[in-house]
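To keep things clear, I will list the structure first and then write my remarks on it.
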Amino acid sequence: MSKPNFGKINKALVQIESVKVQLRKVTTLEDLMQLADIIVQMEILLVTENSTGYNALNDEKKKVQHKITDLQKNLEMAESQLKDIETRLNKKLRTYKKTYEERILELVPNIDSD
């Protein structure tokens, strides 16, 4: 995961403060424009570095959401398989029950005749 470069951030903040001090001493429009350009460049650098951490976390969030989606699909498939197995078990149970009931009924008349 990519993290913001705090060295760059601190350097930019220091440079912005330095430029603010220089702004107080500016006498020409050209110097003012140069200093304003430096401030804008440093602000862009700050936004870029700070957004690096945000983007990395957002990417991690998407990966986790994808895992959750995959797990939900797998869970749904497993639940479907379980229902199918339960249906087959119940069918087998009914078949065995019917077979044994018939067998018991066959044996009952033989018990009475003894």
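Those letters in the sequence shown? Residues 7 to 120, by my numbering. Virtual Cβ for every residue (Gly too), placed ideally from N, Cα, C. Model, not experiment: these values are computed from the prediction.
Rounded to whole angstroms, the Cβ separation of VAL25 and LEU41 is 5 Å, and the two are in contact under 8 Å. With a cutoff of 9 Å on beta-carbon distance, ALA18 and GLU66 are scored as not near each other. In this structure the region 9 to 23 touches the region 31 to 48; the number of beta carbon pairs closer than 8 Å is three or more.
Nearest in C-alpha terms to LYS9, of all of ASN80, GLU85 and ASN64, is ASN64. Here THR34 carries a coil assignment [DSSP, helix/strand/coil]. Secondary structure note for LYS26: its alpha helix (DSSP H) is the uninterrupted segment 12 to 29.
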